[in-house]
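For the sequence shown, the working numbering assigns the number 1 to the initial residue and increments by one for each residue that follows.
Cβ atoms here follow ideal geometry from the backbone N, Cα and C, with glycine treated the same way.
See below for the structure under consideration.
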Amino acid sequence: MIGAVAAVGALVVPAQSTELKMWILSGNPGNAQFLTEAETEFQKTHPDFKLVLEQLPNESYKTQLPVALAGSAPPDVFFNWAGEYAARFAKEGQALDITELGAKPGGFKHSLSDAWQSSFELKGRNFGVPTDAVSKYFFYDKEFFAKNNLTPPTTFNGLVKLCKSIRQIDPSMVPWPLGNSERWIVNHVVTMLNERVLGNANTAADYDLSAPADQLFTNPGYVEAWQKLVDLQDAGCFQDAPNATSPEAADQMFLAQVSPMTFCGTWCAATFDKDGYTGYSLFRFPSIEGGKGDPAATFLVPQGYQIAAKSQHPELAAEWVSFLVSNEQAVNYAKLTAAVPSNAALIEQVGGTEQFNWFAKDIAQSTGSVMVLNVLLESAVSEAYLDAGVEVLNRTKTPQQAMDYIRGIALQSKARLGRN
Numbered sequence: 001m002i003g004a005v006a007a008v009g010a011l012v013v014p015a016q017s018t019e020l021k022m023w024i025l026s027g028n029p030g031n032a033q034f035l036t037e038a039e040t041e042f043q044k045t046h047p048d049f050k051l052v053l054e055q056l057p058n059e060s061y062k063t064q065l066p067v068a069l070a071g072s073a074p075p076d077v078f079f080n081w082a083g084e085y086a087a088r089f090a091k092e093g094q095a096l097d098i099t100e101l102g103a104k105p106g107g108f109k110h111s112l113s114d115a116w117q118s119s120f121e122l123k124g125r126n127f128g129v130p131t132d133a134v135s136k137y138f139f140y141d142k143e144f145f146a147k148n149n150l151t152p153p154t155t156f157n158g159l160v161k162l163c164k165s166i167r168q169i170d171p172s173m174v175p176w177p178l179g180n181s182e183r184w185i186v187n188h189v190v191t192m193l194n195e196r197v198l199g200n201a202n203t204a205a206d207y208d209l210s211a212p213a214d215q216l217f218t219n220p221g222y223v224e225a226w227q228k229l230v231d232l233q234d235a236g237c238f239q240d241a242p243n244a245t246s247p248e249a250a251d252q253m254f255l256a257q258v259s260p261m262t263f264c265g266t267w268c269a270a271t272f273d274k275d276g277y278t279g280y281s282l283f284r285f286p287s288i289e290g291g292k293g294d295p296a297a298t299f300l301v302p303q304g305y306q307i308a309a310k311s312q313h314p315e316l317a318a319e320w321v322s323f324l325v326s327n328e329q330a331v332n333y334a335k336l337t338a339a340v341p342s343n344a345a346l347i348e349q350v351g352g353t354e355q356f357n358w359f360a361k362d363i364a365q366s367t368g369s370v371m372v373l374n375v376l377l378e379s380a381v382s383e384a385y386l387d388a389g390v391e392v393l394n395r396t397k398t399p400q401q402a403m404d405y406i407r408g409i410a411l412q413s414k415a416r417l418g419r420n
């Protein structure tokens, strides 16, 4: 009898759940929905699993994440961009080496190509799991362009002319709303201007600080790229106060069809589609006449998840992130976020929109990739570029002064890091 009572008692004792804390960026509702649905599926094989999800806006994320990872209770799993930003946490011992964990049965190394895995590698070791790559294009209002006999430009001069034409159609209309209150929007534009003017081959040694000190960031093409930004502003492309406008407000201007185009990430497609606006198409960042860049090179930033070195559940965390890039989950991720997944094994099942299929094909056909400056550059140089963008738009620094400032910071970083 006592044994029977004990058995009944055992049935009502709740199982101890294992919580996994995860940090992601806010702003893409499809991503949170995907993770919630993935949690439900993951619980079929891990019934005690509980995801504790925290979403932070871009700038807060960048400032709070290093503090959290250095603290005693960091997130077990955290979103990150490939490049210098991810490598930094690996070098500082704050991101876990997951090479062996990823090689276990069901691990991400069995789902992802070597090329994709390399985006989060450091010295041949895996320090993250790429989920997708984001790109950026000009989104434009097809109806407005057709009604006013406008065509997507293929050259920079054509883009300048387009802005002027839109202002002639309606002087109060902002052709291209620019939301730079968090600084990174202009940084993305300058990323492409640098590539189109200079070409990747001519920036590589500056970006990784390996160029000789007397040559570091001295190519006049950098000043020319900043001048192109000024030319766009002078052509009336942007609103009066881009540094006081949030990225979300700028996106809303396009979404509400108040402005006829915007330079936005592929993630924007999910937001526009969710809000019922599908009357847009896309075009690449134009080439620059006389530039040394590759017109078919595309802004492309792999992103994914890393695991904190201090995580109390490293194996579970590795199983979770591996599950997120498994075949079926990759399909659902693409459907809900309009992202191009790192695992494309079942991509034909996505059934994407016209716009999704367009940029997925365009990315596949691109002849080169352009990594965004604010995650590619050493942190102090990245900050200098971000700050310079604000000042150039405010006209408190000329293009030449902006590069003098950036070069000075780069020289300090080069000396500090011993990259001689």
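In the structure shown, P152 falls within a coil segment according to DSSP collapsed to helix, strand and coil. Here I24 is not near I307, since their CB atoms are 9 Å or more apart. For the pair T191 and V372, the CB atoms are nearer than the 9 Å cut-off.
DSSP lists K21 as the bridge partner or partners of V52. Annotation for F89: the continuous alpha helix (DSSP H) segment containing it runs E84 to K91. Restricting attention to S281, V189, V77 and A241, the CA atom closest to the CA of E143 is found in S281. Rounded to whole angstroms, the gap between the alpha carbons of E328 and I347 is 10 Å. If one requires a minimum length of 4 residues, the alpha helix (DSSP H) runs lying completely within the stretch 240-265 are 247-255, in chain order. Rounded to the nearest angstrom, the Cβ distance from W184 to C237 is 18 Å, too far for a contact under 8 Å.
The alpha-carbon separation between G291 and T154 amounts to approximately 13 Å.
By the C-beta criterion, the stretch 237-253 is judged not to be in contact with the stretch 114-121, since fewer than 3 inter-stretch pairs fall below 8 Å. Taken atom to atom, the span from the alpha-carbon of S326 to that of P247 is near 32 Å. Within the same chain, A133, S135 and S369 come within 6 Å of L300 by CB-CB distance, once the 5 residues on both sides are set aside. Counting only the Cα atoms, G389 lies some 14 Å from D231. For G368, the uninterrupted beta strand (DSSP E) run begins and ends at G368 to V370, by DSSP. According to the DSSP assignment, T271 belongs to the alpha helix (DSSP H) that extends over C268 to K274. Bridge partners of V301 according to DSSP: V134. N180: not part of any alpha helix (DSSP H); DSSP gives it neither H nor E.
The continuous stretches of alpha helix (DSSP H) do not include L112, and DSSP gives it neither H nor E. The beta carbons of T262 and F139 sit closer together than 9 Å.
Inclusion of S322 and G102 in the CB contact set at 9 Å is warranted, their separation being smaller than that value.
T367 is positioned such that its CB atom lies no closer than 9 Å to that of W267. Closest in C-alpha terms to F108, from the list V197, G304, D214 and P171, comes G304. Closest option to Q239, judged by alpha-carbon separation, among V340, S181, L377 and A344: S181. The DSSP-derived three-state label of D214 is coil. The stretch 217-236 makes no contact with the stretch 271-280, as fewer than three CB pairs between them are under 8 Å. For L232, no beta strand (DSSP E) run applies; the uninterrupted alpha helix (DSSP H) run containing it begins and ends at P220 to D234, by DSSP. In this structure, the straight-line span from the alpha carbon of M22 to that of G128 is close to 14 Å. Separation of V77 and A317 (C-alpha to C-alpha, rounded to the nearest whole angstrom) is 7 Å. Residue pairing for I307: DSSP places it in a beta bridge opposite V77. Around the beta carbon of Q355, 16 or more other beta carbons sit within 10 angstroms, so the residue counts as buried. Cβ contact annotation for L159 (same chain, cutoff 7 Å, sequence separation greater than five): P153 and P286, in chain order. If you draw a 10 Å sphere on the C-beta of V189, you find 16 or more other C-beta atoms in it, and that means buried.
When only Cα atoms are considered, G30 and F120 end up about 24 Å apart.
Excluding the 5 residues flanking it on each side, A211 has same chain C-beta neighbours closer than 7 Å at A205, in chain order. In the displayed model, V381 falls within a helix according to three-state DSSP.
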